[in-house]
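Line order of the protein sequences matches chains A and B. So the first sequence is numbered by my numbering: it starts at 129 and just counts up by one. So the second sequence is numbered by my numbering: it starts at 490 and just counts up by one.
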Amino acid sequence: DAGVIQSPRHEVTEMGQEVTLRCKPISGHDYLFWYRQTMMRGLELLIYFNNNVPIDDSGMPEDRFSAKMPNASFSTLKIQPSEPRDSAVYFCASSLARTSGSTDTQYFGPGTRLTVL
Amino acid sequence: AQKVTQAQTEISVVEKEDVTLDCVYETRDTTYYLFWYKQPPSGELVFLIRRNSFDEQNEISGRYSWNFQKSTSSFNFTITASQVVDSAVYFCALSPPGGGNKLTFGTGTQLKVEL
């Protein structure tokens, strides 16, 4: 089975440009998470969706960041306008809640390394 | 609030040595889940293990073993007979129960295994 798919794997852009990161979760998974990894802050959760609905976006750094999940097999994370401090690795993860109250494993995509010049 | 502490920033060992990576957590939940992930130099995050707080049995998987001690809030990871391919950053993570299983990660331990 295919794992979580992310594109692009690497993105280099200039300050002020719009950046769109893409994620395809594992088929059948009903939770999708976006994380950011930096040396300074480590791995931090930005937002997560359940059944395509955003549940908690408290980790989104500011209004320049937005995320959507138009269907069960696709999500985007957009940064507009981008800034050098947004440079990081962005991970998408998905999981399946098997029963109410249970916690399943999050499986991560390969990440997108974003560099904003 | 949940917190995961991995006090060891970097560990260097020689191949075939055993090595233990420490993980201490804090949570007010009576039910929770603990995880270990591996991040090799290629950058992806690879799931290693998931443990329910009700299950304090230690687990062994090949050269990997995990020691969960609820009394000390620790979930340590031991690699036996380390190999160069074990070189990676290892993250311990904590999650509350429920479908929105937000992971709180530790800062990671960089393991370097040398010949």
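In this text, a Cβ means the ideal position worked out from N, Cα and C, and glycines have one as well. For clarity, every value in this text was computed on a predicted model and none was experimentally measured.
- Listed in chain order, the positions of the region 153-186 of chain A with a beta carbon within less than 9 Å of a beta carbon of chain B are Asp158, Tyr159, Phe161, Tyr163, Gln165, Gly170, Leu171, Glu172, Leu173, Tyr176, Asn178, Ile183, Asp184.
- For A/Ile183, the enclosing beta strand (DSSP E) stretches over residues 181-184.
- Taking C-beta separations shorter than 7 Å and ignoring five residues to either side along the sequence, the partners of A/His157 in its chain run Ser222, Ser223, Leu224, following chain order.
- Of the residues assessed, A/Arg164 falls on the buried side of the cut-off, its CB having 16 or more other CB atoms within 10 angstroms.
- For chain A, the residues of the region 549-580 of chain B that bring a beta carbon within less than 8 Å of one of its beta carbons are Phe580, in chain order.
- Distance from the CA atom of A/Pro136 to the CA atom of A/Ser210, rounded to whole angstroms, is 16 Å.
- Using beta-carbon distances, A/Pro212 does not count as an interface residue toward chain B, since no partner is under 8 Å.
- Where A/Gly170 is concerned, the enclosing beta strand (DSSP E) starts and stops at 170-178.
- Rounded to the nearest whole angstrom, the C-alpha separation of A/Met143 and A/Arg150 is 20 Å.
- For B/Thr598, not one C-beta of chain A is nearer than 8 Å to its own C-beta.
- Beyond the five residues adjoining it in sequence on each side, B/Gln572 comes within less than 7 Å, by CB distance, of Glu504, Val602 in the same chain, given in chain order.
- Less than 8 Å separates the beta-carbon of A/Tyr235 from that of A/Ile154.
- Comparing C-alpha distances from A/Leu205 to each of A/Tyr176, A/Pro238, A/Val244 shows the shortest one belongs to A/Tyr176.
- Cα atoms of A/Ser201 and B/Gln558: separation of roughly 39 Å, rounded to the nearest angstrom.
- The beta-carbon of B/Asn590 is placed less than 8 Å from the nearest beta-carbon of chain A.
- Within the same chain, and ignoring the five residues on either side of B/Asn556 in sequence, the residues whose Cβ sits closer than 6 Å to its Cβ are Asn547, Asn565.
- Against chain A, the CB of B/Phe594 has a partner CB under 8 Å away; the residue lies at that interface.
- With contacts defined by Cβ atoms closer than 8 Å, B/Phe524 and B/Ala570 do not form a contacting pair.
- In the displayed model, B/Thr561 falls within a helix according to three-state DSSP.
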